[in-house]
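Enquirer:
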Amino acid sequence: MENELISKKDLLELTGISYGQLYRWKRKMLIPEDWFIRKSTFTGQETFFPKDRILSRIQKIKNMKNETSLDDLADILSPIPAEAFLSKEDLVNARIVSEQAMKVFTDTLGEPDIFDFEKIMTVYVLDKLLQSGDISIEEGRSLISTLNEHYGEFQGKACDLLIVRKLGVSICILAAAPNQIVPDSGSKVVARLSLNNCIEEMKPKLPATQSHTNGEL
Amino acid sequence: MKNHKDGDLKINGLGSAGGGKYNFVEINGKGDISGNIECADLEINGFGSIEGDVKTDTAHIAGKSDISGNVEARDFSVDGVVEIAGGVKAERLQNHGAMQIGRDCGAEEFKSRGGFAIGGLLNSGKIDVELYAHSSAREIGGENISVRQGEGFGFKKFINSILPGFGWKSGLEAETIEGDDVYLEHTKSKVVRGQNVRIGPGCEIDLVEYKNTFEKSSDAIVKSSKKV
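Protein sequences appear in the order of chains A and B.
Residue 30 is where the first sequence starts when you use the numbering used here, and the numbers rise one by one after that.
Residue 39 is where the second sequence starts when you use the numbering used here, and the numbers rise one by one after that.
#1: Using the rule of at least 16 other Cβ atoms within 10 Å of the residue's Cβ for burial, across every protein chain shown, is residue 124 of chain A buried or exposed?
#2: If contact means a Cβ-Cβ distance below 8 Å, which residues of the stretch 51-64 of chain A contact chain B?
#3: If you draw a straight line from the alpha carbon of residue 153 of chain B to that of residue 136 of chain B, how long is it in whole angstroms?
#4: With H, G and I counted as helix, E and B as strand and the rest as coil, what does DSSP make of residue 97 of chain A?
#5: Give a yes or no on whether 7 Å exceeds the smallest Cβ distance from residue 48 of chain A to chain B.
#6: Going along chain B in order, which residues have a C-beta closer than 9 Å to the C-beta of residue 209 of chain A?
#7: Looking at C-beta atoms only, is the number of pairs between the stretch 52-64 of chain A and the stretch 175-182 of chain B that lie closer than 8 Å three or more?
#8: Does residue 137 of chain B come out as helix, strand or coil in the three-state DSSP assignment?
#9: Compare the Cα-Cα distances from residue 67 of chain A to each of A:76, A:161, A:115, A:234 and report the closest residue.
#10: Between which two residues does the beta strand (DSSP E) containing residue 218 of chain B stretch?
#11: Give the range of the alpha helix (DSSP H) segment to which residue 130 of chain A is assigned.
#12: Quick check on DSSP: helix, strand or coil for residue 85 of chain A?
#13: Quick one: which residues of the stretch 224-257 of chain B get their C-beta closer than 9 Å to a C-beta of chain A? List them in chain order.
#14: At a Cβ threshold of 7 Å, is residue 74 of chain A touching chain B?
#15: Expressed to the nearest angstrom, what Euclidean distance is found between the alpha-carbon atoms of residue 232 of chain B and residue 248 of chain B?
#16: Out of A:173, A:56, A:131, A:192, point me to the one whose CA is closest to residue 219 of chain A's CA.
#17: Determine which residues share a DSSP beta bridge with residue 112 of chain B and list them.
#18: Which residues in the same chain as residue 54 of chain B place their Cβ atom closer than 8 Å to its Cβ, once the five residues preceding and following it in sequence are excluded?
#19: Do three or more CB pairs link the stretch 124-133 of chain A to the stretch 150-163 of chain A at distances below 8 Å?
#20: Out of curiosity, what's the CA-to-CA distance linking residue 228 of chain B and residue 140 of chain B?
#21: For a cutoff of 7 Å on Cβ pairs, would you count residue 218 of chain B as touching chain A?
#22: Return yes when the Cβ of residue 218 of chain B is within less than 7 Å of the Cβ of residue 47 of chain A, no when it is not.
#23: From residue 102 of chain A to residue 213 of chain B, what does the alpha carbon distance come to, in whole angstroms?
#24: Do residue 190 of chain A and residue 203 of chain A come within 7 Å of each other at the CB atom, strictly closer than that value?
#25: Can you tell me where the beta strand (DSSP E) holding residue 66 of chain A begins and where it ends?
#26: In or out: residue 204 of chain B buried (at least 16 other Cβ within 10 Å) or exposed?
#27: Answer yes if the stretch 236-256 of chain B comes into contact with the stretch 220-227 of chain B, meaning at least three C-beta pairs across the two stretches below 8 Å, and no otherwise.
#28: Counting only C-beta atoms, is residue 179 of chain B closer than 7 Å to chain A at any point?
#29: Considering residue 87 of chain B, what are the terminal residues of the beta strand (DSSP E) in which it resides?
#30: From the DSSP output, in three-state form, read off residue 148 of chain B for me.
#31: Indicate whether at least one CB of chain E lies closer than 7 Å to the CB of residue 161 of chain B.
#32: Whose C-alpha, out of B:119, B:134, B:107, B:117, is nearest the C-alpha of residue 127 of chain B?
#33: Please classify residue 145 of chain A as buried or exposed, where buried requires at least 16 neighbouring CB atoms within 10 angstroms.
#34: In angstroms, rounded to a whole number, what distance separates the CA positions of residue 47 of chain B and residue 104 of chain B?
#35: How would you list, in chain order, the residues of chain A whose beta-carbon sits under 8 Å from the beta-carbon of residue 147 of chain B?
#36: Could you check the C-alpha separation between residue 116 of chain A and residue 122 of chain A for me, to the nearest Å?
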């Protein structure tokens with residue numbers, strides 16, 4: 030987790046963009062809501078951003094806005110599901126997810142004929158957490174069913190996935206982001222992922238969606 | 039969004055209905071809708087209450103309405119009193135009445151000829167406000183921001199002078215206002231930032247930060263200003 034923040038003023042100075050541009054990009058959802066962090070300072074409330082993420086995002090927008098319209102850019106960057114229908118083989122062969130993660134998924138939910146965006150995201154998130162060793166396969170199963178049953182309720186809004194353990198029992202939580210979540214001291218948050226970040230990370234990997242951005246994002 | 043397979047929902051007189059997908063939703067009289075609605079056109083004349091989110095192509099609210107969720111519309115116009123607990127997203131928003139929004143309001147074009155209270159950020163490419171009643175937003179941001187006193191302001195001043203405490207306090211209040219081209223009248227704000235900033239009569243601004251130009255009317259109070 031990067032903790033360094035940059036103030037709005039410094040950001041504009043550094044990147045050379047105007048307030049109008051920043052607000053327009055926010056409206057077009059090119060910059061996620063939860064990157065705008067309001068803090069009290071001696072001049073009153075000021076807005077800060079996670080420095081690394083906002084700088085790389087603005088660079089991306091600047092690079093791409095000449096060829097791509099803002100609305101298309103928003104589609105690429107937004108957490109709203111892209112049109113994606115892939116088979117199990119497509120996903121594994123394109124190395125979007127690992128075979129192991131796919132197996133855990135199909136063992137849990139059975140094998141769907143086709144993976145839509147939500148399912149792809151579920152396997153992707155599962156794969157990510159299994160690969161990093163943060164969660165066990167059992168926890169992976171609870172993650173799959175949680176996302177399967179409840180992710181739709183967020184309707185593309187920013188949300189975080191948390192895995193909390195206490196006394197060897199683990200709970201999977203979906204929470205609207207940004208939110209501070211404090212478990213009791215006996216429990217431990219073993220994983221916390223912003224699903225929006227995962228989606229952003231994953232979208233360019235999917236074949237046939239905005240192929241010209243491959244490798245760029 | 040237009041889908042002719044979806045039916046119309048019309049409440050004339052007194053009635054209630056559930057949410058859902060409709061083509062045309064009209065309330066004349068008093069109507070309660072419980073649940074989210076998705077429709078092509080929404081028209082409320084009289085009293086309307088919607089317990090849920092609204093997603094529509096056009097929405098026109100005359101009369102008085104309460105919406106407990108968020109509103110998403112291409113064209114949104116208000117000619118009465120509307121209270122929205124959530125946020126609003128629109129291409130074009132026109133307010134000729136009194137509009138209260140609990141959270142953020144984003145619109146490519148925002149035009150107000152009445153009063154508004156926005157609990158979050160008012161974010162718009164073109165903010166065109168003529169003040170006819172006290173208006174406020176926590177923050178205002180956008181490209182072109184213009185806030186002027188509405189005509190008939192003098193009449194209100196007169197009313198205020200003979201009936202002090204009548205509650206007619208016109209003006210705009212916002213913690214921060216940030217934009218490219220900013221023109222303000224009768225506005226109270228802690229910070230105004232922009233490329234080109236013009237502060238007109240009746241303003242009380244603590245700090246102005248500008249990049250290119252700054253002008254101040256002699257009837258305005260600006261505690262400090264600096265070029266950044």
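Glycine residues also receive a C-beta, built at the ideal position from the N, C-alpha and C atoms.
Expert: In short:
#1: Exposed: under 16 other Cβ atoms inside 10 Å.
#2: Cβ contacts with chain B come from 51, 52, 53, 55, 56.
#3: Between residue 153 of chain B and residue 136 of chain B, the C-alpha separation is close to 5 Å.
#4: It is coil, neither helix nor strand.
#5: Yes, contact with chain B.
#6: Around residue 209 of chain A, no beta-carbon contact reaches into chain B at under 9 Å, the shortest distance being about 19 Å.
#7: Short answer: they touch.
#8: In the structure shown, residue 137 of chain B sits in a strand (DSSP, three-state: E or B).
#9: The closest CA to that of residue 67 of chain A, considering only A:76, A:161, A:115, A:234, is found on A:76.
#10: Note, residue 218 of chain B: beta strand (DSSP E), 210-222.
#11: Boundaries of the alpha helix (DSSP H) harbouring residue 130 of chain A: 128-138, taken from the DSSP string.
#12: Correct three-state label for residue 85 of chain A: helix.
#13: Hits within the stretch, in order: 228, 229, 231, 232, 233, 244, 245, 247, 249.
#14: Closer than 7 Å: yes.
#15: For residue 232 of chain B and residue 248 of chain B, the gap between their C-alpha atoms comes out near 5 Å.
#16: Residue nearest to residue 219 of chain A within the set A:173, A:56, A:131, A:192 is A:192 (criterion: CA-CA distance).
#17: In the DSSP output, where bridge partners are listed per residue, residue 112 of chain B has none listed.
#18: Close CB contacts of residue 54 of chain B within its chain, under the 8 Å cut and outside five residues either way in sequence, are with 69, 70, 71, 72 (chain order).
#19: Yes, the stretch 124-133 of chain A touches the stretch 150-163 of chain A.
#20: Straight-line Cα distance between these residues: approximately 21 Å.
#21: For residue 218 of chain B, the answer is yes, since a Cβ of chain A falls inside 7 Å of its Cβ.
#22: Note that the C-beta distance between residue 47 of chain A and residue 218 of chain B is below 7 Å.
#23: Distance between the alpha carbons of residue 102 of chain A and residue 213 of chain B is about 31 Å.
#24: Contact flag set, yes.
#25: Residues 66-70.
#26: Any answer about residue 204 of chain B is weak, because its pLDDT of 49 lies below 50 and its placement is not dependable; what the coordinates show is given next. Residue 204 of chain B should be labelled exposed.
#27: When Cβ pairs closer than 8 Å are counted between the two stretches, the stretch 220-227 of chain B is seen to touch the stretch 236-256 of chain B, the count reaching three or more.
#28: Yes, its Cβ sits closer than 7 Å to a Cβ of chain A.
#29: Element bounds for residue 87 of chain B: 62-89.
#30: The three-state secondary structure of residue 148 of chain B, taken from DSSP, is strand.
#31: In the displayed structure, chain E is absent; the protein chains listed are A and B.
#32: Closest in C-alpha terms to residue 127 of chain B, from the list B:119, B:134, B:107, B:117, comes B:107.
#33: Flag for residue 145 of chain A reads exposed.
#34: Taking the straight line joining both Cα atoms gives about 18 Å.
#35: Residues of chain A with a Cβ closer than 8 Å to the Cβ of residue 147 of chain B do not exist, since the nearest Cβ in that chain sits about 11 Å away.
#36: The straight-line gap from Cα to Cα measures roughly 10 Å.
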